[in-house]
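> 8 is the number of the first residue of the sequence shown in the numbering used here; add one for each residue after it. Before anything else, here's the structure in question.
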Amino acid sequence: MATLGRNTGNISRFANTNSNAVTAQIETLARQLADQTIREREFALTRQRNGRIYTTFNSVDDILANNIETVTRGLFIGTAGSTGSLLSFATSSTATAIQNTYFREIYSDSQNTYPQFSVAYGNYNGSGSADLTGNLNNDTPSRAIYKQYAQILLPPTDTRFTINGVNTDHIYVINFNRARFREKLDPGNLEINLAVLSGSKVANNVHTGSNVKVLGTNAVVRLIDDSSTASPNIGESGQVYNIVSGTIDEGTIIFNSTSPTYYGLMYPQFGIAILNADTLNTNVGFNTVTGSGVQGDNAIKIIKSLSGSVAIGAPAGDDYGIQARSSEQVKSTYYFVRVKNGEYNYSNNPTFTSGSLGGLRYSTFINDPQTYITTVGLYNDRRELLAVAKLSRPLLKSFTREALIKVKLDF
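Following this line, the structure appears as structure tokens:
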């Protein structure tokens with residue numbers, strides 16, 4: 008038994024020595040293989056950089072997606088571009104007589120180049136207008152306007168506009184051009200300036216559009232939304248703000264903010280302002296025509312009142328007429344194009360080479376090539392060009408210069 012034990016020990020020592028040698032050999036081969044792999048990768052990377060056409064974005068380090076930014080701009084447009092104030096009002100020269108009984112399209116120029124908004128008068132009972140189509144179905148323009156805006160802005164079970172808790176049977180509508188307000192009207196930046204009219208001195212049914220005059224006392228009622236002091240009501244039409252007396256001059260100021268006078272409602276997402284005709288009658292002298300079957304042409308009163316405020320003239324540094332801005336949330340994705348020193352130093356542009364064999368045009372380009380980056384192309388995985396970003400000026404690139412170009416896509 009003792010001899011057997013000694014033999015077992017010899018075999019064990021031999022096995023351990025052999026195992027250590029095998030392990031060392033494996034480690035050596037693994038190190039050699041790893042070094043070879045690293046050298047091949049570095050060589051391939053160097054070769055790729057010298058002739059690279061595409062660079063794949065790293066989705067973590069190179070792409071910053073879903074950035075939301077709120078952009079506001081002047082609501083109105085003219086020959087000079089966007090502006091936040093509209094001080095000239097012209098009606099359409101091509102609208103038919105029947106169209107004018109429903110609404111009036113307002114332009115900033117007499118050539119009708121730039122449509123800005125439309126105005127209309129609506130009456131729940133159809134009063135203040137006459138059916139000129141000959142249908143004799145009592146579906147007068149004022150009734151159609153009221154029902155149309157009620158259907159657009161009110162819940163299905165509600166048929167009347169409610170302003171400060173009181174239902175109103177007749178309204179004036181300012182409907183901003185869809186292309187102007189983009190996503191929505193910018194709350195806190197709407198101001199409607201109305202010159203007081205002489206309606207209280209004229210019999211109701213004869214105070215039609217053709218008889219509308221400014222009172223002559225230079226009195227102007229200024230209206231804004233109450234977003235500066237109150238949260239909006241949220242309904243099926245989105246946000247709803249009250250329109251109250253106030254001004255956005257030198258900051259939003261609501262007159263008598265503890266007990267303001269409520270003139271109407273603003274629907275930012277629809278670009279619509281609804282004004283209570285009863286309040287305009289009382290405070291702005293509209294004397295809205297409400298006779299049955301009488302063509303009151305009430306919408307003209309909004310136009311005369313707005314243009315009348317401009318004629319009166321606002322204090323220095325201020326504007327009357329209408330002031331408004333649009334607001335939209337723009338989603339952006341940023342792509343950071345990182346161009347390292349060894350990349351994109353050669354060009355396949357014909358001016359970079361010469362001769363039939365494609366040799367470099369200048370011998371200095373052999374060790375010190377220089378190119379200019381002018382364009383960044385964004386491709387999909389199939390290398391199909393999707394977008395092009397142009398640099399404001401060419402960007403010099405060489406082995407001693409690196410570049411970081413930020414490409415921004417808005418949608």
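Ideal Cβ placement from N, Cα and C applies to all residues, glycine included. Predicted model only: the values in this text are computed from it and were never measured.
Assuming contact is defined by CB atoms lying nearer than 9 Å, are V180 and A102 in contact in what I supplied?
Within the sequence shown, residue 180 is the residue found at index 173, counting from 1. Within the sequence shown, residue 102 is the residue found at index 95, counting from 1. Contact: no.
> Tell me whether F262 sits in a helix, a strand or coil according to DSSP, three-state version.
Within the sequence shown, numbered from 1, the residue matching residue 262 stands at position 255. Here F262 carries a coil assignment [DSSP, helix/strand/coil].
> Can you grab the Cα-Cα spacing for the pair S299 / T215, in whole Å?
Here residue 299 is taken as the residue at index 292 of the sequence shown, counted from 1. Here residue 215 is taken as the residue at index 208 of the sequence shown, counted from 1. Rounded to the nearest angstrom, the gap between the Cα atoms of S299 and T215 is 13 Å.
> Taking the straight line between their C-alpha atoms, what separation do you get for R185 and G278?
Counting from one through the sequence shown, the residue named residue 185 turns up at place 178. Counting from one through the sequence shown, the residue named residue 278 turns up at place 271. Roughly 7 Å between the two C-alpha positions.
> Excluding five sequence neighbours on each side, which residues of the same chain lie with their C-beta closer than 6 Å to the C-beta of P376?
If you number the sequence shown from 1, residue 376 lands on position 369. Only N352 and Y353 meet the Cβ criterion.
> With a cut-off of 8 Å, do at least 3 Cβ pairs link the segment 400-413 to the segment 337-348?
yes
> Any idea what DSSP makes of P239, helix, strand or coil?
Numbered from 1 along the sequence shown, position 232 holds the residue referred to as residue 239. Reduced to three states, the DSSP call for P239 is coil.
> Kindly indicate which three-state DSSP category S339 falls into: helix, strand or coil?
Here residue 339 refers to the residue found at position 332 when the sequence shown is read from its first residue. Here S339 sits in strand by DSSP.
> List the whole-angstrom C-beta distance separating Y61 from Y386, where the pair is believed to meet the contact cut-off of C-beta under 8 Å.
For the purposes of this step, residue 61 is taken as residue 54 along the sequence shown, with counting starting at 1. For the purposes of this step, residue 386 is taken as residue 379 along the sequence shown, with counting starting at 1. At roughly 6 Å, the Cβ-Cβ gap stays under 8 Å, so Y61 and Y386 are in contact.
> Looking at the unbroken beta strand (DSSP E) that takes in I113, where does it start and where does it end?
For the purposes of this step, residue 113 is taken as the residue at position 106 of the sequence shown. F110 to Y114 is the extent of the beta strand (DSSP E) around I113.
> Where in the segment 21-104 do unbroken runs of the beta strand (DSSP E), each at least 3 residues long, occur, reported from the N-terminal end onward?
Along the segment 21-104, the beta strand (DSSP E) occurs as fully enclosed runs of 3 or more residues at 70-81, 83-85 and 88-90, listed in sequence order.
> Could you name the residues of the same chain whose beta carbon sits closer than 7 Å to that of I170, not counting the 5 residues immediately before and after it, in chain order?
The sequence position of residue 170 within the sequence shown is 163, counting from 1. Taken in chain order, the residues that qualify are Y269, G271, L272 and N283.
> Is the distance from the Cβ of I84 to the Cβ of Q123 below 9 Å?
Here residue 84 refers to the residue found at position 77 of the sequence shown. Here residue 123 refers to the residue found at position 116 of the sequence shown. Yes, the Cβ-Cβ distance between I84 and Q123 is below 9 Å.
> How long is the line joining the alpha carbons of G91 and N200, rounded to whole angstroms?
If you number the sequence shown from 1, residue 91 lands on position 84. If you number the sequence shown from 1, residue 200 lands on position 193. The straight-line gap from Cα to Cα measures roughly 14 Å.
> Report buried or exposed for N27, applying the criterion of at least 16 other Cβ atoms within 10 angstroms of its Cβ.
Looking up residue 27 in the sequence shown gives position 20. With fewer than 16 other Cβ atoms within 10 Å, it is exposed.
> With R229 as the anchor, note down where its beta strand (DSSP E) starts and where it stops.
Translated into positions along the sequence shown, residue 229 becomes position 222. Residues V227 to D232.
> Can you find the residues in the same chain that come closer than 6 Å, C-beta to C-beta, to G12, ignoring five residues on each side of it along the sequence?
Reading the sequence shown from its first residue, position 5 is the one you call residue 12. Low local confidence applies: a pLDDT of 44 at G12 is under 50, so the model's placement there is unreliable, and no value is given.
> Just list the residues that DSSP pairs E409 with in beta bridges.
Counted from its first residue, the sequence shown places residue 409 at position 402. The partner list for E409 (beta bridge, DSSP) is empty, contrary to what the question assumes.
> Is N184 helix, strand or coil by DSSP?
Your numbering for residue 184 matches position 177 in the sequence shown. Here N184 sits in coil by DSSP.
> Which one of D388, V296, G195 and S314 has the shortest CA to CA distance from L93?
Reading the sequence shown from its first residue, position 86 is the one you call residue 93. Of the residues D388, V296, G195 and S314, the one whose Cα lies closest to the Cα of L93 is S314.
> Could you tell me which uninterrupted alpha helix (DSSP H) segments, each at least 4 residues in length, are contained entirely in the segment 293-378, listed from first to last along the chain?
306-319
> Between which two residues does the beta strand (DSSP E) containing N283 stretch?
Counting from one through the sequence shown, the residue named residue 283 turns up at place 276. First-last of the beta strand (DSSP E) with N283: I279 to N283.
> Distance, Cα to Cα, V291 vs T108?
Counting from one through the sequence shown, the residue named residue 291 turns up at place 284. Counting from one through the sequence shown, the residue named residue 108 turns up at place 101. Their backbone Cα atoms lie some 22 Å apart in a straight line.
> If you draw a straight line from the C-alpha of S234 to the C-alpha of L204, how long is it?
Indexing the sequence shown from 1 puts residue 234 at position 227. Indexing the sequence shown from 1 puts residue 204 at position 197. Their Cα atoms are separated by approximately 28 Å.
> Here's a check: name, in chain order, each residue in its chain whose Cβ is nearer than 6 Å to the Cβ of S95, leaving out the five neighbours to either side.
For the purposes of this step, residue 95 is identified with residue 88 of the sequence shown, where counting begins at 1. Counting only Cβ-Cβ distances below 6 Å, and skipping sequence neighbours, we find S115.
> Using the DSSP secondary-structure output, state which residues sit across from N200 in a beta bridge.
By 1-based counting over the sequence shown, the position of residue 200 is 193. In the DSSP secondary-structure assignment, N200 is bridged to R229.
> Quick check on this structure: which residue in D388, L416 and N305 has the alpha carbon closest to the alpha carbon of S136?
As a working note, residue 136 is residue 129 in the sequence shown. Measuring from the Cα of S136, the nearest candidate turns out to be N305.
> Here's the rule: buried if 16 or more other CB atoms are within 10 angstroms of the residue's CB, otherwise exposed. What is T295?
Numbered from 1 along the sequence shown, position 288 holds the residue referred to as residue 295. If you draw a 10 Å sphere on the C-beta of T295, you find 16 or more other C-beta atoms in it, and that means buried.
> Can you give me the C-alpha to C-alpha distance between A9 and I45, rounded to a whole angstrom?
Indexing the sequence shown from 1 puts residue 9 at position 2. Indexing the sequence shown from 1 puts residue 45 at position 38. Unreliable positioning characterises A9 in this predicted model, as indicated by a pLDDT of 41, which lies under 50. The coordinate reading is nonetheless provided below. If I take the Cα positions, the gap works out to 55 Å.
> Could you work out which residue in A157, V209 and E335 is closest to N288 when comparing CA atoms only?
For the purposes of this step, residue 288 is taken as the residue at position 281 of the sequence shown. Among A157, V209 and E335, the Cα nearest to that of N288 is on V209.
> Just to check my reading of the structure: V2 and A202 have Cβ atoms closer than 8 Å, yes? What is that Cβ distance to the nearest angstrom?
Residue 2 falls outside the range modelled here, since the chain spans only 8 to 418, and no answer is possible.
> Please list, in chain order, all residues of the same chain as L161 whose beta carbon is under 6 Å from its beta carbon, the five residues on each side excluded.
The residue labelled residue 161 in the question sits at position 154 within the sequence shown. Result list for L161: empty, nothing under 6 Å.
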